[in-house]
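Using UniProt numbering, the first residue of the sequence shown is number 1, and each one after it goes up by one. Everything on this sheet refers to the single structure shown next.
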Amino acid sequence: MLFFISHYFCTRTYPGDKAQSTGAVSQWGASGSILQENSSLAFYEIDTYGGQSGSAMLKSLNQIIDVHNGGYDLSGNSVIDSNGGPKWLSLCMTLLHRRVN
């Protein structure tokens, strides 16, 4: 299903670089929009750092649309140019399928 392009979303996470620079573990927020997607992954413009993997990407009413898992090279030039992760619906369907089988 393709339906998130240009949707605005946010995340609340604990990025590893903030603990290093501030000396304390604290929650940070970021927001952006979906740049590209395929049937199972969404890619976005939010800047992320180690420690944020597994964070929920939320629509305006705190609906989970994606789970962040890393950086991606979308242009094929060996440069990480987008962040992304599996869409929540895709994850749920995979887990249900495994559970049933």
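In this text, a Cβ means the ideal position worked out from N, Cα and C, and glycines have one as well. The model shown is predicted, which means the values in this text are computed figures rather than measured ones.
Residue range of the beta strand (DSSP E) that includes ASP66 = Boundaries of the beta strand (DSSP E) harbouring ASP66: 64-67, taken from the DSSP string.
query = According to the Cβ coordinates, are ASN77 and THR48 closer than 8 Å?
reply = no
message = Could you check whether the region 60-77 touches the region 17-28, counting it as contact only if at least three pairs of C-beta atoms, one from each stretch, sit closer than 8 Å?
response = no
query = In chain order, which continuous runs of the alpha helix (DSSP H) of length 4 or greater are located wholly inside the region 21-76?
reply = none
query = Under the rule that 16 or more other beta-carbon atoms within 10 Å means buried, what is GLN20, buried or exposed?
reply = exposed
ask   = Taking the alpha-carbon positions, what's the LEU58 to ARG98 distance?
value = 25 Å
task = Using alpha carbons as the reference points, say which of VAL100, GLY16, ASP73, ASN69 lies closest to TRP88.
result = Cα-wise, what sits closest to TRP88 is ASN69.
message = Assuming SER90 is part of the beta strand (DSSP E), what are its boundary residues?
response = Looking at the DSSP string, SER90 is not in any beta strand (DSSP E); the run it does join, the alpha helix (DSSP H), is 88-100.
task = Would you tell me roughly how many angstroms separate the C-alpha atoms of LEU91 and SER40, rounded to the nearest one?
result = 8 Å
query = Using CA coordinates, which residue listed in TYR44, GLU45, GLY54 is at the minimum distance from TYR14?
reply = TYR14 has its Cα closest to that of GLY54, out of TYR44, GLU45, GLY54.
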